[in-house]
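What the first sequence shows, in the working numbering, is residues 11 to 886, in sequence order.
We put the beta carbon where it would ideally sit given N, CA and C, even for glycine.
Since the model is a prediction, treat every value here as computed from it, not as a measurement.
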Amino acid sequence: MENEIEKAYEAKKYEDTIYKRWEKSGAFTPKVDKKKTPFVISMPPPNATGVLHLGHAVMLAIEDILIRHHRMLGDSTLWIPGTDHASIATQNKVEQLLAEKGLDRHKLGREKFLEEVKKFVANSQNTIRNQIRKMGSSCDWSRERYTLDEGLTEAVQEVFVRMYNDGLIYRGNRIVNWCPRCESTLADDEVDYKEKNEKLYWIKYGPFTLATSRPETKLGDTAVAVHPKDKRYKKWIGKKVTIPGVIGDFEVIVVADESVDPKFGSGIIKVTPAHSFVDFEIAQRHKLPIKSVIDQKGRMMKNCGKYAGMTTTECRKAILVDMEKMGMLEKVEEYTHNLSVCYRCGTPIEPLISKQWFIDVDKPVIQDGKKKKSIKEKAIEVVKDGEIKIVPGKFKKTYFHWMENLHDWCISRQIWFGHRIPVWYCDGCEEAIVSRTKPAKACPKCKANKWHQDSDTLDTWFSSGLWTFSTLGWPKKTEELEYFHPTSVMETGYDILFFWIARMIIMTTYTLGEVPFKTVYLHGLIRDKFGKKMSKSAGNGIDPLEMIEKFGTDAVRLSLVIGGTPGNDMRLYEEKIAGYRNFINKIWNGARFTLMNVTEEDIKLQFDQTMVKTLADKWILTELQKLIKETDNNLKNFRLSDAGLKIYDFIWSKYCDWYLEMSKGENKNPAVLLFVLRSFLKLLHPFVPFVTEKIWESLNEKTMLLSSEWPKYDKTLVFTKDADTMEIIHQLIGKIRSLRSELKVESGKKIHAIIHGGKHTEALEKQREIIMKMGTLESLEIKKQGPKIPDSKAFFIGEVETYLPLKDMVDSGKELTRIKKEIEQKEQFIKSLESKLNNKGFTANAPKEVIQKETARLLEEKSNVKKLKELQNSLK
RNA sequence: GGGCGCUUAGCUCAGUUGGUUAGAGCAUCUCGUUUACACCGAGAGGGUCUAGGGUUCGAAUCCCCAAGCGCCCACCA
11 MENEIEKAYE
21 AKKYEDTIYK
31 RWEKSGAFTP
41 KVDKKKTPFV
51 ISMPPPNATG
61 VLHLGHAVML
71 AIEDILIRHH
81 RMLGDSTLWI
91 PGTDHASIAT
101 QNKVEQLLAE
111 KGLDRHKLGR
121 EKFLEEVKKF
131 VANSQNTIRN
141 QIRKMGSSCD
151 WSRERYTLDE
161 GLTEAVQEVF
171 VRMYNDGLIY
181 RGNRIVNWCP
191 RCESTLADDE
201 VDYKEKNEKL
211 YWIKYGPFTL
221 ATSRPETKLG
231 DTAVAVHPKD
241 KRYKKWIGKK
251 VTIPGVIGDF
261 EVIVVADESV
271 DPKFGSGIIK
281 VTPAHSFVDF
291 EIAQRHKLPI
301 KSVIDQKGRM
311 MKNCGKYAGM
321 TTTECRKAIL
331 VDMEKMGMLE
341 KVEEYTHNLS
351 VCYRCGTPIE
361 PLISKQWFID
371 VDKPVIQDGK
381 KKKSIKEKAI
391 EVVKDGEIKI
401 VPGKFKKTYF
411 HWMENLHDWC
421 ISRQIWFGHR
431 IPVWYCDGCE
441 EAIVSRTKPA
451 KACPKCKANK
461 WHQDSDTLDT
471 WFSSGLWTFS
481 TLGWPKKTEE
491 LEYFHPTSVM
501 ETGYDILFFW
511 IARMIIMTTY
521 TLGEVPFKTV
531 YLHGLIRDKF
541 GKKMSKSAGN
551 GIDPLEMIEK
561 FGTDAVRLSL
571 VIGGTPGNDM
581 RLYEEKIAGY
591 RNFINKIWNG
601 ARFTLMNVTE
611 EDIKLQFDQT
621 MVKTLADKWI
631 LTELQKLIKE
641 TDNNLKNFRL
651 SDAGLKIYDF
661 IWSKYCDWYL
671 EMSKGENKNP
681 AVLLFVLRSF
691 LKLLHPFVPF
701 VTEKIWESLN
711 EKTMLLSSEW
721 PKYDKTLVFT
731 KDADTMEIIH
741 QLIGKIRSLR
751 SELKVESGKK
761 IHAIIHGGKH
771 TEALEKQREI
781 IMKMGTLESL
791 EIKKQGPKIP
801 DSKAFFIGEV
811 ETYLPLKDMV
821 DSGKELTRIK
831 KEIEQKEQFI
841 KSLESKLNNK
851 GFTANAPKEV
861 IQKETARLLE
871 EKSNVKKLKE
881 LQNSLK
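Written out as structure tokens, the structure is:
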């Protein structure tokens, strides 16, 4: 019919239009329908900082496959998209942009700066929305959310208030990771480590000599520590010692602490509790005084004498010069160590003491039967119990390890962009009140009536930790929340298992008393051809949009899904995408050919079993049923790659290579051609939605493919025996072709063949035309049996004997040696089979099917050898 | 320092609870314009599954050990 269909599929021409039709159809927007099973994915919200990369692309591809599959299964399927305000990341990005214009946030002031951020965010949200659409993602735009939306902000405040009232949130003066550039705290896992070559200074320290990499912190020392068992220093323990310093003498106490390694340096360390985590802990254990000397901008404080106001780096230089002058510097060594840096801007972290808000992860607050559990215990429990399943399972261990070692979570950030901490202080007496809105009453302590809000904002992961339920309307009791939560699958990269997954589990089990999701699916990172991480600086990044432009979305999606397994990194490069583009084209042409061979009437016909006619029909239908079963099984177990590969193989190697080829000529059966086409389009649709939908348009269907019904396994369409016969014919044709090629018979030249078919004679006779056509035969003689035919090339498939009388091409001498070799090989194989089958251990332990299979194979090989021997005799 | 993972054809990777004479795509070689597709078709070559032990009737698959590579966590002044 549609002769005008173009030869090659041009993705670009159709994709945008198809996406618009889907969106308009309302299929992306499910309703609360108690008769249906809900299936829900909360899309990990991309940071509102700009463009999407391959990491997003792979996430969108995988999630869309799951979503489309479930939608076709008839579930009430919801995929909520959104964006994350990503406080530090976004603020930094805008600061960079301002810096290009010679501005900075302090010059602008908080309000104006936030205006700038708002504009920037709105812009990148638009970009992100378009890119998500480009990937073909069938998400529910009507429910799109942003972590700074009014509703989500309300959820954040509500959770904060609840946690505060439960005593989980407290304010404390503690040592924190401080980024002097961002001028903010960072959580432990927001610190990166960079290996760096540094200098180790050996300095005279009163009666001791010790090694330090940070001489400038000497100004904040309040103790020295040694290992309790270190004999060298035993007599000093507990003593107070006066140390001469660059700004005068000071006193320290000598303490014994297990954390000191006697083998490193001189075995003695100076303790600077205010500017080192380890030292802070030592100070806590020994109740040492704490002296801060570095401020929040990374500058030396007023108590540092002549060094006051210098940055730490300047101070180090200056102090070294002074130490040298005073003869305190003994030697300098090179050493490498891991420098902690800010994960957002790379600036070295300055540990310092600061008053911050924390979440207590160990306080038992969750009532569970008679016991009370901490949020940490609960988060461990839900994974241990299997209430949350992690795919692949290996990440469970990592999760437990991280969770078990979790310290109190510092949630306040001195960033302007984000959710303001809902705490109000009295102008008069600094009394703090936790409240979502400005207190209307006067201060209960001093009766003043002026309040100011805490200037800090919350860690961005605090709000994203609520994502699965805040997006469904919580704290309001919405229908949606009740119906769609817990969500079904959380799919994301394994790199944010801690940042995000762990926090969602903590925050949701605490707040709702239920898990945020039932399954966590973690995908790997996309790397370049050489296995390197893609990055802007390395210039090896691949832009998904560019690839979509070049090869089409469907091809990009397949290249991101096939060949990958959960939790493992995957390499991507253009040739790979091009390969899948070729497959898309193959689908297109397979469909095109099918459509060219059917009529309008055929298309309108409803398929039923009575339309099954030929052996080929029965074979392809049997294969199709097998495929449906396998696909269901693979998708259920999140084996997307396997599922995709199997469908790929079915379409290319079975439908196109064999069924379509066999349909050329008198054998074609439009009903089955169309039925199989429709079925595999459905199976394929979740993977490559655009090309399948485009083809579907030509099939006179009432609904779009995305809303069509998923194929069901139908055992009345399984014809095992016929399918087996067809396999024999395939082998037979394959062998004929292979021999032709081996004997260098010209491609187009027709040859003769004689088949002794045994019990398959009748079936083979029926397929005479196909065998002749596909084997390029001039004549074909089929009979039940007969003597071996000399001067011909012969081969045996089970009972079926085939002879190609190519007298002039067959060298009977060579043929004899070949046959001899084959017999030898086969006899050896028979021997191994026999010994296996005679082995009592095997027959006693192996499953029945395996024994049956091996027995059958033995019989077949034996019969082959028998035939080969007869052939051998006839040639002699 | 602690933990995890990977090592299978020239390249990129599959290989489910142990049961094949170990698979796919790309690349290579030979042939080919025939009712769709050269983004194609037909055929072929190519692997002692990193090395070494063990368990088992049977190991690419399970256990031990070694090497190389990679990741995560902790972090030493």
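Distance, residue j Cα to residue i Cα
| i | j | result |
| --- | --- | --- |
| F38 | L709 | 22 Å |
| I613 | M714 | 16 Å |
| I244 | D259 | Going by the sequence as given, residue 244 is Lys instead of Ile. The alpha-carbon atoms of K244 and D259 are separated by roughly 23 Å. |
| D267 | G534 | 42 Å |
| Y180 | R172 | 12 Å |
| I77 | E791 | 54 Å |
| Y317 | K204 | 28 Å |
| A67 | R867 | 47 Å |
| Q5 | G308 | No information on residue 5 is available, as it lies outside the stretch 11 to 886 that the chain covers here. |
| N13 | S547 | Caution is warranted here: a pLDDT of 44 is assigned to N13, below 50, making its placement in the model unreliable, and no coordinate value can be reported. |
| Y665 | W629 | 10 Å |
| F427 | I369 | 21 Å |
| S651 | I75 | 11 Å |
| Y813 | D732 | 24 Å |
| M333 | L362 | 24 Å |
| E871 | L816 | 26 Å |
| S498 | V860 | 38 Å |
| P496 | T100 | 29 Å |
| L220 | S269 | 16 Å |
| E584 | E490 | 42 Å |
One or two residues paired with residue i in a DSSP bridge
| i | result |
| --- | --- |
| R501 | Note on residue identity: the sequence assigns Glu, not Arg, to residue 501. Answer is Y531. |
| S194 | C189 |
| K793 | H766 |
| I263 | A233 and K250 |
| M580 | I536 |
| G887 | No answer is possible for residue 887: it lies beyond the span of the chain, which begins at 11 and ends at 886. |
| S364 | R184 |
| H495 | Bridge partners of H495: none, in fact. |
| A221 | W212 |
| Y543 | Sequence inspection shows Lys at residue 543; the Tyr mentioned does not correspond to that position. In the DSSP output, where bridge partners are listed per residue, K543 has R537. |
Buried versus exposed, by CB contacts within 10 Å (16 or more), residue i
| i | result |
| --- | --- |
| M606 | exposed |
| W706 | buried |
| Y156 | buried |
| L468 | buried |
| W598 | buried |
| L869 | exposed |
| N57 | buried |
| K803 | buried |
| L107 | exposed |
| W412 | exposed |
| K586 | buried |
| F700 | buried |
| S873 | exposed |
Just checking, does the stretch 567-586 make contact with the stretch 669-681 on the three C-beta pairs under 8 Å criterion? Not touching, per the Cβ criterion.
Complete alpha helix (DSSP H) runs within the stretch 662-739 (minimum length 4 residues, chain order): If one requires a minimum length of 4 residues, the alpha helix (DSSP H) runs lying completely within the stretch 662-739 are 680-694 and 699-706, in chain order.
Are there three or more Cβ pairs, one per stretch, closer than 8 Å when the stretch 184-201 is compared with the stretch 374-386? Inter-segment contact for the stretch 184-201 and the stretch 374-386 is absent: fewer than three beta-carbon pairs are separated by less than 8 Å.
For the stretch 586-656, list the alpha helix (DSSP H) runs that are entirely contained and at least 4 residues long, ordered along the chain. Counting whole runs of 4 or more residues, the stretch 586-656 contains the alpha helix (DSSP H) stretches 610-614 and 625-646.
Looking at C-beta atoms only, is the number of pairs between the stretch 690-706 and the stretch 717-731 that lie closer than 8 Å three or more? Contact between the stretch 690-706 and the stretch 717-731 is present, because at least three Cβ pairs lie under 8 Å.
Scan the stretch 327-394 and note each continuous alpha helix (DSSP H) run of 4 residues or more that stays entirely inside, going in chain order. As far as the stretch 327-394 is concerned, its whole alpha helix (DSSP H) runs of at least 4 residues are 385-394.
Identify every run of the alpha helix (DSSP H) within the stretch 431-486, keeping only runs that are complete inside it and at least 4 residues long; order them along the chain. For the stretch 431-486, the continuous alpha helix (DSSP H) assignments of 4+ residues that do not extend past its boundaries occur at 470-474 and 477-480, in sequence order.
Are three or more beta carbon pairs between the stretch 814-834 and the stretch 753-769 nearer than 8 Å? With a cut-off of 8 Å, the stretch 753-769 and the stretch 814-834 count as touching, because enough Cβ pairs lie within range.
Is it a yes or a no for the stretch 213-227 touching the stretch 349-360, going by three-plus beta-carbon pairs under 8 Å? In short, these stretches do not touch, since the Cβ pair count stays below three.
Three or more beta-carbon pairs under 8 Å between the stretch 402-417 and the stretch 445-461, yes or no? With a cut-off of 8 Å, the stretch 445-461 and the stretch 402-417 do not count as touching, because too few Cβ pairs lie within range.
Would you check if the stretch 776-786 and the stretch 666-675 touch, i.e. whether three or more CB-CB distances between them fall below 8 Å? The stretch 776-786 and the stretch 666-675 touch, with three or more beta-carbon pairs separated by less than 8 Å.
For the stretch 29-47 against the stretch 519-533, are there 3 or more C-beta pairs whose distance is under 8 Å? Verdict: no, contact absent.
Flag this pair as touching only if the stretch 502-522 and the stretch 116-128 have three or more C-beta atom pairs under 8 Å; answer yes or no. Result no; under three Cβ-Cβ pairs closer than 8 Å.
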